[in-house]
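Trainee: Quick one: structure below, then a few questions.
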Amino acid sequence: MAVDDAVFFATITELNAKLRAKQFSALELTKAFCDRLERLGPRYNALALSFREQAIRQAKDVDDEIKRERFRGPLQGIPYGAKDLLAAAGGPTTWGAKPYAGQVFKEDATVIGKLEKSKAILCGKLSMVELAGGGGYRFPAASLQGPGINPWDRSRWSGGSSSGSGSAVAAGLVPFALGSETSGSILTPAAFCGVTGLRPTYGLVSRHGAMALSWTMDKIGPMCRSAEDCGIVLQAIAGKDTEDPGTAGKSFYYAPRFARSFADLTIGYAPVDFESWADETARPAFVQALGVFRSFGSKVVEIALPDLPYGPLTSTIISAEGSSVFEELITSGKVNELADAKQIAGLKAGLEILAKDYLRAMRIRSIVQQEFRKLFVNIDVLITPARSGIASKLSDPLDRGGSPASPAPASRGLRDLIPAGNLAGLPALCLPCGFVDGLPVAISLVGRPFSENTLLVYGREYQQRTDWHRRRPPV
Amino acid sequence: MAHKITRRGWAARLTTSALATSTLAAQTTTAPETAEELLEAARRQARRNLETLSKFPLPMAVEPSYRFEAA
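Sequence order for the protein chains is A and B. Mapping to the working numbering: the first sequence position 291 is 291, numbers consecutive. Mapping to the working numbering: the second sequence position 70 is 545, numbers consecutive.
Written as structure tokens, this is what we have:
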């Protein structure tokens, strides 16, 4: 049976049901997605490398198993893509950067291996901002594959640094993808591309085989069509790994049926986020989303972030760790082969950060963690716009923003929740919540460490009451 | 943990989220162009960050947010 267009936008659960019902084979599904990824991936600069041959071999194995009624779970036979920061044997892993264009690893990253055990099928590596943008970057074109192009509007950026993961899921090139976040790199492309993205708690998912940028902040997580799909993928990739000393030794079981009642939970939000910090055109969508969450019956209270220097902390820690990771690249001069001049400068400047300054940042970070522990005594979930508005234009420099004349709102609200949440290692879920000028906007939920099930239950309920995550771009 | 927020403090906070590359306002309106100018700008930004962090009161007992583990 032929794979029809609707299949490219189906969820993991829907695809798995069709595979079990033998509406199509894993081979047919895999070939269809590989064709689509190879045909449309370059249109969005989303594809770094096709894994067609390996994928077809794996799909044949899955079909043999299904023929023998040996069912492995919801990911069996489901195609996916992985950010090109993850090692996969059988092809180059470029980290989106010219100096690493020919780099080949002999073994898979732990998360790729875990998905293989779940019988998910890797169809391709997806593009990313070079070196995950660790030095800071000025233009969306800071990538070996070119600027990440947004499927909703090809003149707009897909977000970074998991650019290809965001646009590939949005355009129906893969049912789900793996991305990574050090400070915003899952949430931003998920928000800009209108997909559901989950940043797991620091330490829940192994980073073995992933490019390091910041040992104390890097996380790997899923980008999918729904919150439920994120839960399914997270369950497959989470868990302790002796190869990654940062793993927390915890597993994750997606168990919405055991979640606490919404009436027993408290949501924190800051009115200023919705009334002032958000772009004016996006405010109605954010307010409407907040209204849907209010209707769940949870207690909703006003809150603001603890007053701490999140931006300078994040910048100092990532800069110091990232420049240490790439010291050889910087001192050898090969750093000059990178595409973005600001990124080159940022990496070089990072090498000059003194140990005392890095340690000061890490000590203040301890206070960030303490303050969030206090905040989450009375609050279960924080809610705020994932980004203030829609994706920027491809031609716009990313370091030049709003008018300097416009006055800043009087309160910070939850404005800095991306750097703050990453510093504290908190999980976050990004949910599409509307459109402005034909481009998606999204809301984000943040919870205490290892509270992914709570976030996912809220996300699932929200997506049962809305259909923003079901919208398709004009591919 | 109450600290007074200065204008400079706000400005420093709003600049960075290095990876997500927020579209927040840059500190300067004229963007540096040459490699040297960009390096100098990156150094200035790093210094501004450190100035902000150096003003933060930090008791001696506060340890870094990671700890050595004997294994």
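Using N, Cα and C, we set each Cβ at its ideal position, and we do this for glycine too.
Cβ closer than 8 Å: which chain A residues qualify as neighbours of residue 543 (chain B)?
Mentor: One-based indexing of the second sequence puts residue 543 (chain B) at position 68. Residues of chain A passing the Cβ test: none, with the nearest at roughly 11 Å.
Trainee: Answer with buried or exposed for residue 501 (chain B), where buried requires no fewer than 16 other C-beta atoms within 10 angstroms of its C-beta.
Mentor: By 1-based counting over the second sequence, the position of residue 501 (chain B) is 26. Any answer about residue 501 (chain B) is weak, because its pLDDT of 35 lies below 50 and its placement is not dependable; what the coordinates show is given next. Counting Cβ neighbours within 10 Å, residue 501 (chain B) comes out buried, since at least 16 surround it.
Trainee: Counting only beta-carbon atoms, is residue 316 (chain A) nearer than 8 Å to chain B?
Mentor: Stepping through the first sequence from its first residue, residue 316 (chain A) is reached at position 316. By this cut-off, residue 316 (chain A) is an interface position.
Trainee: Output yes if chain A places a C-beta closer than 8 Å to the C-beta of residue 496 (chain B); else output no.
Mentor: Taking the second sequence and counting its residues from 1, one reaches residue 496 (chain B) at position 21. Bear in mind that the predicted position of residue 496 (chain B) carries a pLDDT of just 42, short of 50, making it unreliable; the figure below should be weighed with that in mind. At least one chain A Cβ lies under 8 Å of residue 496 (chain B).
Trainee: On the DSSP letters alone, give me the boundaries of the beta strand (DSSP E) that residue 253 (chain A) sits inside.
Mentor: Within the first sequence, the letter at position 253 stands for residue 253 (chain A). That residue, residue 253 (chain A), is in no beta strand (DSSP E); it is neither H nor E in DSSP.
Trainee: Tell me which residue opens and which closes the alpha helix (DSSP H) that residue 232 (chain A) is part of.
Mentor: What you label residue 232 (chain A) is simply residue 232 of the first sequence in a count that begins at 1. From DSSP, the alpha helix (DSSP H) with residue 232 (chain A) extends over 227-237.
Trainee: Can you tell which of A:462, A:425, A:469 has its C-alpha closest to the C-alpha of residue 448 (chain A)?
Mentor: Taking the first sequence and counting its residues from 1, one reaches residue 448 (chain A) at position 448. The candidate whose alpha carbon is nearest that of residue 448 (chain A) is A:425.
Trainee: With 8 Å set as the bound, which would you pick, yes or no: does the beta-carbon of residue 309 (chain A) sit closer than that to a beta-carbon of chain B?
Mentor: As a working mapping, residue 309 (chain A) is identified with position 309 in the first sequence. So yes, residue 309 (chain A) belongs to the interface.
Trainee: State yes or no: is the beta carbon of residue 357 (chain A) nearer than 8 Å to at least one beta carbon in chain B?
Mentor: The residue given as residue 357 (chain A) occupies position 357 in the first sequence. By this cut-off, residue 357 (chain A) is an interface position.
Trainee: Given a threshold of 16 other Cβ atoms within 10 Å of its Cβ, counted over all protein chains shown, does residue 305 (chain A) qualify as buried or as exposed?
Mentor: Along the first sequence, read from residue 1 onward, the residue named residue 305 (chain A) stands at position 305. That one is buried.
Trainee: Tell me which residues of the stretch 338-367 of chain A have at least one Cβ-Cβ distance to chain B shorter than 8 Å, keeping chain order.
Mentor: Cβ contacts with chain B come from 341, 342, 344, 345, 346, 348, 349, 350, 352, 353, 357, 359, 360, 361, 362, 363, 364, 365, 366, 367.
Trainee: With 8 Å set as the bound, which would you pick, yes or no: does the beta-carbon of residue 319 (chain A) sit closer than that to a beta-carbon of chain B?
Mentor: To locate residue 319 (chain A), count along the first sequence from 1; it is residue 319. Judged by the 8 Å Cβ criterion, residue 319 (chain A) is in contact with chain B.
Trainee: Using only CA atoms, which one of A:43, A:230, A:87, A:239 lies nearest to residue 102 (chain A)?
Mentor: As a first step, residue 102 (chain A) must be located in the first sequence, where it is residue number 102. Nearest of A:43, A:230, A:87, A:239 to residue 102 (chain A), Cα basis: A:87.
Trainee: Quick one: does the C-beta of residue 451 (chain A) sit closer than 7 Å to a heavy atom of the ligand COA?
Mentor: Although the ligand COA was asked about, the structure shown includes no ligands whatsoever.
Trainee: With distance defined between alpha-carbon atoms, name the residue in A:444, A:412, A:345, A:423 nearest to residue 516 (chain B).
Mentor: Here residue 516 (chain B) is taken as the residue at index 41 of the second sequence, counted from 1. The option with the nearest alpha carbon to residue 516 (chain B) is A:345.
Trainee: Is the CB-CB distance between residue 413 (chain A) and residue 273 (chain A) below 8 Å?
Mentor: Counted from its first residue, the first sequence places residue 413 (chain A) at position 413. Counted from its first residue, the first sequence places residue 273 (chain A) at position 273. Contact flag set, yes.
Trainee: Just tell me which of A:256, A:238, A:10 has its CA closest to the CA of residue 248 (chain A).
Mentor: Here residue 248 (chain A) is taken as the residue at index 248 of the first sequence, counted from 1. Cα-wise, what sits closest to residue 248 (chain A) is A:238.
Trainee: Anything in the stretch 126-155 of chain A with a Cβ closer than 9 Å to a Cβ of chain B? List those residues in chain order, please.
Mentor: Under the 9 Å Cβ criterion, the stretch 126-155 of chain A contributes 129, 132, 133, 134, 135, 136, 137, 138, 140, 142.
Trainee: Is there at least one Cβ from chain B nearer than 8 Å to residue 196 (chain A)'s Cβ?
Mentor: What you label residue 196 (chain A) is simply residue 196 of the first sequence in a count that begins at 1. Not closer than 8 Å to any Cβ of chain B, the Cβ of residue 196 (chain A) fails to qualify, so no.
Trainee: State buried or exposed for residue 270 (chain A), treating a residue as buried only when at least 16 other CB atoms are found within 10 Å of its CB.
Mentor: By one-based count along the first sequence, residue 270 (chain A) stands at place 270. Buried, because 16 or more other Cβ atoms sit within 10 Å of the Cβ of residue 270 (chain A).
Trainee: Going along chain B in order, which residues have a C-beta closer than 9 Å to the C-beta of residue 204 (chain A)?
Mentor: Residue 204 (chain A) sits at position 204 when you count from the first residue of the first sequence. Under the 9 Å cutoff, chain B gives no residues; its nearest Cβ is about 17 Å from residue 204 (chain A).
Trainee: Please list the partners that residue 216 (chain A) has in chain B, where partner means a Cβ-to-Cβ separation under 8 Å.
Mentor: Counted from its first residue, the first sequence places residue 216 (chain A) at position 216. Residues of chain B passing the Cβ test: 540, 541.
Trainee: For chain B, is any of its Cβ atoms less than 8 Å away from the one on residue 312 (chain A)?
Mentor: For this step, residue 312 (chain A) is matched to residue 312 along the first sequence. Chain B contact via Cβ: present.
Trainee: Can you round the beta-carbon distance between residue 149 (chain A) and residue 45 (chain A) to whole angstroms, since I take them to be within the 8 Å contact cut?
Mentor: On the first sequence, position 149 is the one that residue 149 (chain A) refers to. On the first sequence, position 45 is the one that residue 45 (chain A) refers to. That belief holds up - the Cβ atoms of residue 149 (chain A) and residue 45 (chain A) are roughly 5 Å apart, short of 8 Å.
Trainee: Under 8 Å between C-beta atoms, does residue 531 (chain B) make it to chain A?
Mentor: Here residue 531 (chain B) refers to the residue found at position 56 when the second sequence is read from its first residue. It does; some Cβ of chain A falls within 8 Å.
Trainee: Exposed or buried, which one is residue 464 (chain A) when buried takes at least 16 other CB atoms within 10 Å?
Mentor: Numbered from 1 along the first sequence, position 464 holds the residue referred to as residue 464 (chain A). Per the 10 Å Cβ criterion, exposed.
Trainee: When the distance is taken between beta carbons, is residue 133 (chain A) closer than 8 Å to residue 120 (chain A)?
Mentor: Translated into positions along the first sequence, residue 120 (chain A) becomes position 120. Translated into positions along the first sequence, residue 133 (chain A) becomes position 133. No; because the gap between Cβ atoms is not below 8 Å, this pair is not in contact.
Trainee: Under 8 Å: do the stretch 454-468 of chain A and the stretch 413-422 of chain A share three or more Cβ pairs, one atom per stretch?
Mentor: Taking 8 Å as the limit for Cβ pairs, the verdict is that the stretch 413-422 of chain A does not touch the stretch 454-468 of chain A.
Trainee: For the stretch 23-74 of chain A, which segments carrying the beta strand (DSSP E) assignment without a break, of at least 3 residues, lie completely within its bounds, in sequence order?
Mentor: Runs found: 47-50.
Trainee: So is residue 369 (chain A) in contact with chain B if we call contact Cβ pairs under 8 Å?
Mentor: As a position in the first sequence, residue 369 (chain A) is number 369, starting the count at 1. Yes, its Cβ sits closer than 8 Å to a Cβ of chain B.
Trainee: Of the choices A:233, A:206, A:223, A:227, whose alpha-carbon is the least far from that of residue 246 (chain A)?
Mentor: Numbered from its first residue, the first sequence carries residue 246 (chain A) at position 246. Checked all of A:233, A:206, A:223, A:227; the closest Cα to residue 246 (chain A) is A:206.
Trainee: Classify residue 403 (chain A) as buried or exposed, calling it buried when 16 or more other Cβ atoms lie within 10 Å of its own Cβ.
Mentor: Locating residue 403 (chain A) in the first sequence gives position 403, where the first residue counts as 1. Unreliable placement is indicated for residue 403 (chain A), whose pLDDT of 49 sits below 50; no coordinate value is reported for it.
Trainee: Return helix, strand or coil for residue 418 (chain A), following the three-state DSSP convention.
Mentor: For the purposes of this step, residue 418 (chain A) is identified with residue 418 of the first sequence, where counting begins at 1. Helix at residue 418 (chain A).
Trainee: Of the choices A:453, A:318, A:41, whose alpha-carbon is the least far from that of residue 199 (chain A)?
Mentor: Walking along the first sequence from the start, residue 199 (chain A) turns up at place 199. Per the Cα distances, A:453.
Trainee: Of all the options A:5, A:118, A:214, which has the alpha carbon lying nearest to the alpha carbon of residue 320 (chain A)?
Mentor: Within the first sequence, residue 320 (chain A) is the residue found at index 320, counting from 1. Closest by alpha carbon: A:214.
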